[in-house]
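So the structure is just underneath, and the comments pick up after that.
Number of protein chains: 2
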Amino acid sequence: MEPTKIDFEKGGGLVPVITQDVDTGEVLMLAYMNEESFRETLRTKRAVYWSRRRGLWRKGEESGNHQDVHGIFIDCDADTILLKVHQHGGAACHTGRRTCFYRDSEDGEGWRTLMEPIFDPEKVYGAKK
Amino acid sequence: MEPTKIDFEKGGGLVPVITQDVDTGEVLMLAYMNEESFRETLRTKRAVYWSRRRGLWRKGEESGNHQDVHGIFIDCDADTILLKVHQHGGAACHTGRRTCFYRDSEDGEGWRTLMEPIFDPEKVYGAKK
Numbered sequence: 009m010e011p012t013k014i015d016f017e018k019g020g021g022l023v024p025v026i027t028q029d030v031d032t033g034e035v036l037m038l039a040y041m042n043e044e045s046f047r048e049t050l051r052t053k054r055a056v057y058w059s060r061r062r063g064l065w066r067k068g069e070e071s072g073n074h075q076d077v078h079g080i081f082i083d084c085d086a087d088t089i090l091l092k093v094h095q096h097g098g099a100a101c102h103t104g105r106r107t108c109f110y111r112d113s114e115d116g117e118g119w120r121t122l123m124e125p126i127f128d129p130e131k132v133y134g135a136k137k
Numbered sequence: 009m010e011p012t013k014i015d016f017e018k019g020g021g022l023v024p025v026i027t028q029d030v031d032t033g034e035v036l037m038l039a040y041m042n043e044e045s046f047r048e049t050l051r052t053k054r055a056v057y058w059s060r061r062r063g064l065w066r067k068g069e070e071s072g073n074h075q076d077v078h079g080i081f082i083d084c085d086a087d088t089i090l091l092k093v094h095q096h097g098g099a100a101c102h103t104g105r106r107t108c109f110y111r112d113s114e115d116g117e118g119w120r121t122l123m124e125p126i127f128d129p130e131k132v133y134g135a136k137k
């Protein structure tokens with residue numbers, strides 16, 4: 009029988025969260041949650057992460073690009089969360105791109121940029137970036 | 009300009025790797041790589057992870073369910089890898105299921121199993137499990 013309680017202890021209070029676009033299947037980002045942000049995600053039905061820099065991080069609070077939660081999954085070890093979301097504004101990445109995974113590589117050293125920004129981070133985040 | 013070199017230092021030598029089915033878009037699992045396993049993944053064109061328990065972990069070596077790599081992506085911070093793979097045998101999870109994310113929840117406490125195993129772990133892994 010696989011564990012049924014999310015294991016926040018293993019990662020020192022944090023679990024990795026994979027965020028996937030519920031419509032396209034595209035993987036948008038990887039972030040972390042602690043118990044508080046997981047509870048806030050459940051309560052608000054929007055993705056709320058935990059950032060060592062920001063603390064409780066209500067995704068899209070500044071940019072408007074919040075994520076409505078359509079599904080919450082755990083893996084067999086109950087130490088990773090998969091979130092299926094609707095991405096408002098069409099861009100998950102702070103660079104203004106649809107996904108944070110906008111670069112690929114053949115050799116693991118040279119990285120090719122595959123997409124352009126949808127929004128201009130300077131305009132959205134202003135001088136705070 | 010976003011970083012172009014994978015940051016193995018941040019996670020004490022390990023980076024999280026999201027593995028996605030290149031055909032269906034389904035997220036299969038989350039695992040970790042160190043530099044050695046990343047190099048082995050590039051060299052063999054099959055997913056090779058790093059496990060604290062197993063060390064260098066050539067996925068599918070025991071079960072036959074190896075993963076052919078079709079794409080390697082990094083995120084904006086260059087501290088997470090996304091791998092697009094063809095999953096041999098149709099199951100990525102050690103429970104015999106297609107994906108490790110085979111359970112979902114409405115309330116974050118009760119988890120519902122969404123799919124049945126494709127293979128019998130007892131037969132594949134035998135007494136070693």
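Protein chains in written order, with our numbering: chain A, 9 to 137; chain B, 9 to 137.
All C-beta atoms, glycine included, are put in the ideal place defined by N, C-alpha and C.
This one's a predicted model, so the numbers in the text were calculated from it and none came from an experiment.
Just by C-beta distance, which residues in the stretch 12 to 29 of chain A are closer than 7 Å to chain B? Contact residues of the stretch 12 to 29 of chain A toward chain B are 12, 24, 26, 28 (C-beta to C-beta distance below 7 Å).
Return helix, strand or coil for residue 7 of chain A, following the three-state DSSP convention. The structure shown does not extend to residue 7 of chain A, since chain A is modelled only from 9 to 137, so the question has no answer here.
Does the stretch 37 to 50 of chain A touch the stretch 112 to 121 of chain A, meaning 3 or more C-beta pairs lie closer than 8 Å? Not touching, per the Cβ criterion.
Determine whether the beta carbon atoms of residue 22 of chain B and residue 40 of chain B lie at a separation below 7 Å. The answer is yes: Cβ separation under 7 Å.
Going straight from the alpha carbon of residue 87 of chain A to that of residue 56 of chain B, what length do you get? Roughly 20 Å separates the two Cα atoms.
Identify, in the order they occur along the chain, each residue of the same chain with its Cβ nearer than 8 Å to the Cβ of residue 85 of chain A, setting aside the five sequence neighbours on each side. Excluding sequence neighbours, residue 85 of chain A sits near 10, 11, 15.
Are there 16 or more other CB atoms within 10 angstroms of the CB of residue 31 of chain A, so buried, or fewer, so exposed? With fewer than 16 other Cβ atoms within 10 Å, it is exposed.
Along the chain, where does the alpha helix (DSSP H) that runs through residue 125 of chain B open and close? For residue 125 of chain B, there is no enclosing alpha helix (DSSP H), as DSSP marks it with neither H nor E.
So what does residue 24 of chain A bridge to, in DSSP terms? Paired residue(s): A/40.
Confirm, please, whether the CB-CB distance from residue 74 of chain A to residue 96 of chain A is below 7 Å. Residue 96 of chain A is a Cβ neighbour of residue 74 of chain A, given a cutoff of 7 Å.
Looking at chain A, is there any beta carbon in it that lies within less than 7 Å of the beta carbon of residue 90 of chain B? For residue 90 of chain B, the answer is yes, since a Cβ of chain A falls inside 7 Å of its Cβ.
Once the 5 residues before and after residue 137 of chain B are set aside, which same chain residues still bring their CB inside 8 Å of it? For residue 137 of chain B, the predicted structure reports a pLDDT of 44, less than 50, and the residue's modelled location is therefore unreliable. A value from the coordinates is still provided. Cβ within range, chain order: 102, 129, 130.
Strictly below 7 Å CB to CB, what residues from chain A border residue 94 of chain B? Those within 7 Å of residue 94 of chain B in chain A number zero; the least Cβ separation is about 16 Å.
For residue 82 of chain A, would you say it is in contact with chain B, using Cβ-to-Cβ distances shorter than 7 Å as the test? So yes, residue 82 of chain A belongs to the interface.
Using a beta-carbon distance cut-off of less than 9 Å, what residues from the stretch 44 to 78 of chain B approach chain A? Interface annotation for the stretch 44 to 78 of chain B against chain A: 46, 47, 49, 50, criterion Cβ-Cβ distance under 9 Å.
Simplified DSSP assignment, three categories, for residue 105 of chain A: Note: residue 105 of chain A maps to coil in three-state DSSP.
Could you round the C-beta distance between residue 36 of chain B and residue 107 of chain B to whole angstroms and report it? I think they count as a contact, below 8 Å. Indeed, because the Cβ distance is near 5 Å, the residues count as touching under 8 Å.
Can you tell which of B/105, B/122, B/90 has its C-alpha closest to the C-alpha of residue 24 of chain B? The option with the nearest alpha carbon to residue 24 of chain B is B/90.
Residue interval of the beta strand (DSSP E) (run including residue 72 of chain A): Looking at the DSSP string, residue 72 of chain A is not in any beta strand (DSSP E), and its letter there is neither H nor E.
Check whether the Cβ atoms of residue 104 of chain B and residue 81 of chain B lie closer than 7 Å to each other. In this structure, residue 81 of chain B does not lie closer than 7 Å to residue 104 of chain B by Cβ.
What is the rounded straight-line gap between the Cα of residue 54 of chain B and the Cα of residue 71 of chain B? Near 14 Å, if we compare the C-alpha coordinates of residue 71 of chain B and residue 54 of chain B.
Quick one: residues in its chain with C-beta nearer than 7 Å to the C-beta of residue 123 of chain B, no 5 flanking neighbours on either side, listed in chain order? The beta carbon of residue 123 of chain B sits closer than 7 Å to those of 105, 106, 110, all from its chain and outside the five residues before and after it, given in chain order.
Look up residue 120 of chain B in the DSSP assignment and give the residues it is bridged to. B/112.
Within-7 Å CB hit, residue 132 of chain B to chain A: Not one beta carbon of chain A lies nearer than 7 Å to the beta carbon of residue 132 of chain B.
So what's residue 93 of chain A in DSSP terms, helix, strand or just coil? Looking at residue 93 of chain A - three-state DSSP - the assignment turns out to be strand.
What residues in its chain sit with their C-beta under 8 Å from that of residue 59 of chain A, if we drop five residues either side in the sequence? Within the same chain, residue 59 of chain A has close Cβ partners 39, 40, 65.
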